[in-house]
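Quick note: the sequence shown uses our numbering, first residue 9, plus one each step. I have placed the structure first, in the form of structure tokens, so that the comments after it can refer back to it.
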Amino acid sequence: MATLIGEGDEAHWETVPQNSLFDYEENSDPFPVTIKDGESISLQLGLVITGYLLSNQMNAKLAIYDSEGKAYSDFETRTFDAKWGAYIYK
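Following this line, the structure appears as structure tokens:
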């Protein structure tokens, strides 16, 4: 994951350290995981990530890698709306 840091000409993408992605004290490391065709998983990100996202208006780049090293980065953006109990697609 990379987040946008700074503004204007000074803005740049900065990679989030892997040890900041999840709250390891509360959850064990979720990887490796096997996902078959048609299956999905949900991962709760750590509080450090929440801080990064809130400080830069939710601008982030995400890449998922499979066991062969292929990167996947074409995702649909959605946000969970706790008031209505549903996801909002953007």
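Note that the Cβ used here is the ideal one computed from N, Cα and C, for glycine as well. If you're wondering where the values come from, they're calculated on a predicted model, not measured in any experiment.
- Taking all protein chains in view, the Cβ of Thr87 is surrounded by fewer than 16 other Cβ atoms within 10 Å, so the residue is classified as exposed.
- In this structure, the straight-line span from the alpha carbon of Asp74 to that of Gly93 is close to 31 Å.
- When the five nearest sequence neighbours on each side are left out, the beta carbons in the same chain lying within less than 8 Å of the beta carbon of Phe83 are those of Leu70, in order along the chain.
- Taking the Cα positions, Lys91 is about 20 Å away from Leu53.
- Annotated three-state conformation of Asp17 is helix, per DSSP.
- C-alpha of Asp45 to C-alpha of Val24: approximately 28 Å in a straight line.
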